[in-house]
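Protein chains: 2
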Amino acid sequence: MGGGPDKEHLVIALGDPEPKHLTALLKQQFPDIDITYYQVSRAVGGFKDNKTLGSQIPDGQICLTGPSVSVMGSDQQDVALFVHLMRPEPRWSFITLLLIFPPPISSLKLIHLFSAGVDHWTDHPVVKDSNITITTSSGIHGPPITEWIIMTTLVASRHYAVEYEWQKERHWGQGEKFQLAGTDWVGKTVGIAGYGSIGRQAARVFAALGANIHAYTASPRPTPSSRKDTGYFVPGTGDPDGTIPSAWYSGTSTTSLHTFLASGLDALLVALPLTPATRHVFGAAEFDLLGSSGGSPKTKAAGAGAAAKPFLINIARGPILDQPALVDALNDGVLGGAALDVTDPEPLPKDDPLWSAKNVIITPHVSSLGKEYLDRAFDLFVTNWKRHERGEKMFNVVDRKKGY
Amino acid sequence: MGGGPDKEHLVIALGDPEPKHLTALLKQQFPDIDITYYQVSRAVGGFKDNKTLGSQIPDGQICLTGPSVSVMGSDQQDVALFVHLMRPEPRWSFITLLLIFPPPISSLKLIHLFSAGVDHWTDHPVVKDSNITITTSSGIHGPPITEWIIMTTLVASRHYAVEYEWQKERHWGQGEKFQLAGTDWVGKTVGIAGYGSIGRQAARVFAALGANIHAYTASPRPTPSSRKDTGYFVPGTGDPDGTIPSAWYSGTSTTSLHTFLASGLDALLVALPLTPATRHVFGAAEFDLLGSSGGSPKTKAAGAGAAAKPFLINIARGPILDQPALVDALNDGVLGGAALDVTDPEPLPKDDPLWSAKNVIITPHVSSLGKEYLDRAFDLFVTNWKRHERGEKMFNVVDRKKGY
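Respectively, the protein sequence lines represent chains A and B.
With our numbering applied, the first sequence has no gaps in its numbers, which climb one by one up to 409 at the end.
With our numbering applied, the second sequence has no gaps in its numbers, which climb one by one up to 409 at the end.
Structure representation (structure tokens):
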């Protein structure tokens with residue numbers, strides 16, 4: 006790779022062809038850093054063929070060839086580390102952006118991940134045994150994931166699948182639809198477990214639809230300053246000052262979670278990080294509590310009849326829910342439905358009973374995707390590294406103890 | 006019917022069984038008004054069977070029996086008028102709420118419609134030849150129709166139909182989806198033609214998603230006070246002060262409309278009333294203009310490539326668009342897609358080419374429906390009649406010259 010031994014070196018490894026407007030932006034923002042771009046395959050364990058990668062290697066220090074690794078003039082250990090970094094996660098979310106200075110690669114100063122979570126990496130030696138700073142792309146996912154949340158929630162509450170099937174049959178089903186008509190979200194209550202960038206943007210849109218928001222956070226937020234969003238978020242979105250929720254709940258105990266779940270929720274959005282502490286934190290007891298106390302007072306009082314059972318939304322990680330318990334809660338009508346962009350495991354096996362649970366919407370972990378992903382991930386990196394250069398705290402530095 | 010000849014009499018005729026909590030509310034709010042409730046059928050030209058209706062008739066002055074009419078002790082002309090009022094519109098939107106005082110029925114003081122528009126009634130003698138005050142339920146539709154707008158727009162921009170079909174096949178299509186990923190609405194521009202209760206609530210939610218709003222109104226709104234919503238709207242929704250749009254356009258000429266359409270729109274929401282002046286106001290020239298200037302500067306500048314063609318949303322009335330021109334604009338890629346809850350005619354015939362136009366979402370005029378409909382329509386009536394009793398101006402009085 007070019008540059009002297011003391012020059013900072015940024016290695017970008019992504020599944021896409023080089024986004025030239027973004028690498029040009031990086032060169033402009035950081036003229037003193039060497040930049041190398043690798044396109045890697047998103048397929049499980051796979052890398053692009055020799056031709057694709059070989060042609061992109063400037064100095065031949067590191068060469069990724071097919072699924073195997075060739076070492077050309079570089080330290081074996083460094084290459085192994087690099088390859089490890091590239092391969093812990095078999096799907097798109099392994100996409101990484103690495104900042105190295107100076108070579109060799111084992112002197113890594115920063116690993117910036119393009120995913121919001123670090124949970125897939127927790128057993129990796131870099132997380133377990135090193136002190137390399139790791140930052141995530143948490144904060145860029147608010148807008149697309151919120152669109153997914155709002156879309157699937159409305160698809161469920163407005164019975165869109167029925168209308169979609171009518172259209173395929175060229176059927177004007179107006180009269181029948183009257184019976185199916187759902188309720189809207191004015192005056193309903195949406196509970197948001199995890200009030201970060203995604204939870205805040207979802208709160209913003211649910212509130213615009215007319216809903217009340219109950220927020221649940223690990224640490225208490227009793228003061229206005231404690232309610233502010235101190236993380237990265239896409240400008241013009243979210244709830245920067247934390248003024249949207251009408252009620253705040255907090256804690257990490259079962260009791261505190263249950264207090265939140267009993268607050269009369271028409272929908273529950275799970276937007277927590279997956280950590281050992283949050284694994285299976287929502288199980289049969291939690292679904293029962295949500296289902297029995299769910300439906301806000303307003304819903305219950307309305308003339309429309311009995312309150313609909315609460316709707317569950319999970320855009321975080323599948324294992325936060327006890328999935329067999331969720332299947333039961335759906336099939337038994339304890340919950341009114343669920344929208345799940347994440348499952349346990351992923352991909353969800355063909356014969357998993359979750360596929361056929363009542364009123365479930367399942368999508369294959371796509372809620373964060375969109376054409377803006379790369380631009381925002383690069384913008385977050387630029388913002389972060391400029392903060393670092395100014396001696397300020399970077400956003401999204403992974404706390405190895407907390408696990409996120 | 007009970008009460009003396011001078012007592013006010015409210016006749017409610019709806020397609021639903023009597024909503025007793027609402028009629029009880031009316032009796033409580035207006036103890037001096039006699040109230041009669043009729044359940045009528047939503048089927049074309051049909052009324053509920055004798056038994057259903059007969060049992061609800063208190064004094065037998067008016068009797069609707071099956072599809073024919075029996076007159077029992079009432080003035081033939083009054084009954085004919087009443088039946089006329091009940092039957093101009095063959096589907097659910099003919100649902101009416103009539104306030105009569107005192108009998109006979111030809112002394113009607115107010116006809117309150119449960120629909121937002123009066124366009125289906127324009128040829129009716131009551132509209133053409135009488136001076137009876139007519140009020141609509143405009144204003145109650147903001148929340149459900151906005152949910153429909155947001156849902157269908159996101160279903161289109163996020164390619165939800167693909168994910169829906171994957172789920173039916175238990176297919177985890179993550180990798181493929183990456184290619185299909187759409188754009189989100191942060192920084193996009195949504196044009197809203199007709200900035201009433203629906204347009205304002207849609208603006209509120211699109212703005213929460215991160216979009217800029219361009220409003221288009223018939224009369225200019227140069228001052229803060231001119232931008233306020235003076236109509237009825239569901240509390241806690243909409244844009245009461247008109248502060249959301251970043252740009253305002255106005256006029257009733259083709260030139261003024263074209264100026265608005267050329268303002269760089271990623272989506273256009275049609276929320277105008279149907280009048281002789283707005284019939285086919287959007288035709289081939291307008292779609293071409295929208296398509297060629299569409300895509301906000303931000304979209305065009307983004308690295309994601311060429312701007313997507315604008316998306317058209319119609320929740321107003323089908324004939325506002327030149328429908329064959331719309332089919333061409335969709336099939337030729339002039340527009341990127343459309344979501345239509347209204348068509349011309351309705352029901353849309355099975356062999357209409359609109360059904361198979363590219364990237365079109367069609368639903369059978371259901372966007373306003375929901376369990377809250379009746380409650381809000383009654384609330385609007387109560388609000389209105391209390392204003393009338395206090396000598397204030399009622400909301401939504403139909404202007405026969407404007408046609409809405």
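All residues carry an ideal CB built from backbone N, CA and C; glycine is no exception.
The structure displayed is predicted, hence computed values, not measured ones.
- Task: Give the residues of chain B in contact with E168/A, contact being defined as C-beta atoms less than 8 Å apart.
- Result: Your numbering for residue 168/A matches position 163 in the first sequence. Per Cβ cutoff of 8 Å: T368, P369 and V371.
- Query: Any beta-carbon of chain A closer than 8 Å to the one on I155/B?
  - Reply: On the second sequence, position 150 is the one that residue 155/B refers to. Closer than 8 Å to the CB of I155/B there is at least one CB belonging to chain A.
- Item | Where the beta strand (DSSP E) containing G256/B begins and where it ends | On the second sequence, residue 256/B is found 251 positions in, with the first residue counted as 1. That residue, G256/B, is in no beta strand (DSSP E); it is neither H nor E in DSSP.
- Message: Looking at the secondary structure, which residues open and close the alpha helix (DSSP H) in which A272/A lies?
- Response: Within the first sequence, numbered from 1, the residue matching residue 272/A stands at position 267. A272/A: not part of any alpha helix (DSSP H); member of the beta strand (DSSP E) spanning A272 to V275, first to last residue.
- Query: Going by the beta-carbon positions, is the gap between E23/A and D39/A smaller than 8 Å?
  - Reply: In the first sequence, the residue the question calls residue 23/A occupies position 18. In the first sequence, the residue the question calls residue 39/A occupies position 34. Not a contact, by the Cβ cut-off of 8 Å.
- Out of curiosity, what's the CA-to-CA distance linking F292/B and L331/B? As a position in the second sequence, residue 292/B is number 287, starting the count at 1. As a position in the second sequence, residue 331/B is number 326, starting the count at 1. The straight-line gap separating the alpha-carbon atoms of F292/B and L331/B is approximately 7 Å.
- Query: Is the Cβ of Q34/B closer than 8 Å to any Cβ of chain A?
  - Reply: Within the second sequence, residue 34/B is the residue found at index 29, counting from 1. By this cut-off, Q34/B is not an interface position.
- Query: Going by other Cβ atoms of all chains shown within 10 Å of its Cβ, with 16 needed for buried, is S142/B buried or exposed?
  - Reply: By 1-based counting over the second sequence, the position of residue 142/B is 137. It counts as buried.
- Item | Under 7 Å from the C-beta of T188/B: neighbouring residues of chain A | Locating residue 188/B in the second sequence gives position 183, where the first residue counts as 1. Taking a Cβ-Cβ threshold of 7 Å, the residues of chain A close to T188/B are G375, K376 and E377, in chain order.
- Item | L331/B - DSSP class collapsed to helix/strand/coil | The count along the second sequence starts at 1 and reaches residue 331/B at position 326. Of the three classes helix, strand and coil, the one that applies to L331/B here is helix, per DSSP.
- Query: What residues from chain E crowd round A213/A, counting only those whose CB sits closer than 7 Å?
  - Reply: No chain E is present in this structure, whose protein chains are A and B.
- Message: Is there a C-beta anywhere in chain B that falls below 8 Å from the one on Q179/A?
- Response: The count along the first sequence starts at 1 and reaches residue 179/A at position 174. It does: the Cβ of Q179/A has a partner Cβ on chain B nearer than 8 Å.
- Query: Can you give the Cα-Cα distance for S255/B and G296/B, rounded to whole angstroms?
  - Reply: Taking the first residue of the second sequence as position 1, residue 255/B is located at position 250. Taking the first residue of the second sequence as position 1, residue 296/B is located at position 291. Taken atom to atom, the span from the alpha-carbon of S255/B to that of G296/B is near 20 Å.
- Rank A343/A, S230/A, K391/A and Y378/A by C-alpha distance to the C-alpha of A161/A and give the top, closest one. On the first sequence, position 156 is the one that residue 161/A refers to. Looking at the Cα atoms, A343/A is the closest of the given residues.
- Query: Would you say K355/B faces chain A, with C-beta separation under 8 Å as the test?
  - Reply: By 1-based counting over the second sequence, the position of residue 355/B is 350. Interface criterion met: the Cβ of K355/B is under 8 Å from a Cβ in chain A.
- Message: Only counting the same chain, and skipping five residues up and downstream in sequence, which positions put a Cβ closer than 7 Å to that of G243/B?
- Response: Mapped onto the second sequence, residue 243/B falls at position 238. Beyond the five residues adjoining it in sequence on each side, G243/B comes within less than 7 Å, by CB distance, of G147, S202, R205, Q206, R209 and D234 in the same chain, given in chain order.
- Quick one: grab the DSSP three-state call for T158/A. For the purposes of this step, residue 158/A is identified with residue 153 of the first sequence, where counting begins at 1. Secondary structure of T158/A (DSSP, three-state): helix.
- Task: Within its chain, find whatever has a CB closer than 7 Å to the CB of T368/B; leave out the 5 residues flanking it on each side and keep chain order.
- Result: Residue 368/B sits at position 363 when you count from the first residue of the second sequence. Leaving aside the five residues that flank T368/B on each side, the residues in its chain whose CB is nearer than 7 Å to its CB run, in chain order, D346.
- Item | Simplified DSSP assignment, three categories, for F287/A | In the first sequence, the residue the question calls residue 287/A occupies position 282. Correct three-state label for F287/A: strand.
- Where does the unbroken alpha helix (DSSP H) through H26/A begin, and where does it stop? The residue you call residue 26/A lines up with position 21 of the first sequence. Boundaries of the alpha helix (DSSP H) around H26/A: K25 to Q34.
- Item | is_contact[P250/A, chain B] using C-beta, thresh 8 Å | In the first sequence, residue 250/A corresponds to position 245, counting from 1. No - not a single Cβ of chain B is within 8 Å of the one on P250/A.
- Message: Can you pull the chain B neighbours of G172/A, defined as C-beta to C-beta under 8 Å?
- Response: Here residue 172/A refers to the residue found at position 167 of the first sequence. Strictly speaking, residue 172/A in this sequence is Gln, with Gly absent from that position. Simply W360, I366, I367 and T368.
- Message: Check whether chain B comes within 8 Å of M91/A, counting only Cβ atoms and requiring the distance to be less than that.
- Response: Against the first sequence, residue 91/A aligns to sequence position 86. Its pLDDT being 46, under 50, M91/A is placed unreliably in this model, and the value from its coordinates should be taken loosely. Using beta-carbon distances, M91/A does not count as an interface residue toward chain B, since no partner is under 8 Å.
- Below-8 Å beta-carbon distance, Y165/A vs any chain B residue: In the first sequence, the residue the question calls residue 165/A occupies position 160. Yes, because at least one Cβ of chain B sits closer than 8 Å to the Cβ of Y165/A.
- Task: Determine the closest residue to T188/B out of T28/B, V132/B and R163/B, with distance taken between C-alpha atoms.
- Result: Residue 188/B sits at position 183 when you count from the first residue of the second sequence. Nearest C-alpha to T188/B: R163/B.
- Message: At the level of alpha carbons, what is the spacing between G196/A and T222/B?
- Response: Position 191 of the first sequence holds residue 196/A. Position 217 of the second sequence holds residue 222/B. As the crow flies, the alpha-carbon of G196/A is around 37 Å from that of T222/B.
- To which residues does DSSP link T138/B through a beta bridge? Residue mapping note: residue 138/B aligns to position 133 of the second sequence, counting from 1. Its beta-bridge partners are L115/B.
- Task: Taking only beta carbons into account, state which residues of the stretch 216-241 of chain B come closer than 8 Å to chain A, listed in chain order.
- Result: Cβ proximity to chain A below 8 Å picks out V239 and G241 from the stretch 216-241 of chain B.
- Return no unless some Cβ of chain B is closer than 8 Å to the Cβ of V402/A. On the first sequence, residue 402/A is found 397 positions in, with the first residue counted as 1. Judged by the 8 Å Cβ criterion, V402/A is not in contact with chain B.
- Message: Is P3/B close to chain A? Criterion is C-beta to C-beta, closer than 8 Å.
- Response: There is no way to answer for residue 3/B, as the model of chain B reaches only from 6 to 409.
- Item | Inter-residue Cα distance where the pair is K1/B and P229/A | A question about residue 1/B goes unanswered here, because the residues of chain B that appear run from 6 up to 409.
- Could you give the residue range of the beta strand (DSSP E) that holds I197/B? Translated into the one-based positions of the second sequence, residue 197/B becomes position 192. Per DSSP, the unbroken beta strand (DSSP E) holding I197/B starts and ends at T194 to A198.
- According to DSSP, is A307/A helix, strand or coil? For this step, residue 307/A is matched to residue 302 along the first sequence. The predicted model places A307/A with a pLDDT of 45, which falls under 50 and marks its position as unreliable, so this point remains unresolved.
- Could you list which residues in chain B have their beta carbon closer than 8 Å to that of P148/A, in chain order? Position 143 of the first sequence, counted from the first residue, corresponds to residue 148/A. By Cβ distance, chain B contributes D189, W190, V191, L214 and G215.
- Since F316/B is in the beta strand (DSSP E), which residue starts that stretch and which ends it? Numbered from its first residue, the second sequence carries residue 316/B at position 311. Per DSSP, the continuous beta strand (DSSP E) segment holding F316/B begins and ends at F316 to N319.
- Message: Once DSSP output is grouped into helix, strand and coil, what is the label at V76/B?
- Response: As a position in the second sequence, residue 76/B is number 71, starting the count at 1. Residue confidence is low: V76/B scores 30 on pLDDT, short of 50, so the model does not pin down where it sits. Its coordinate-derived value is still stated next. It is a strand residue.
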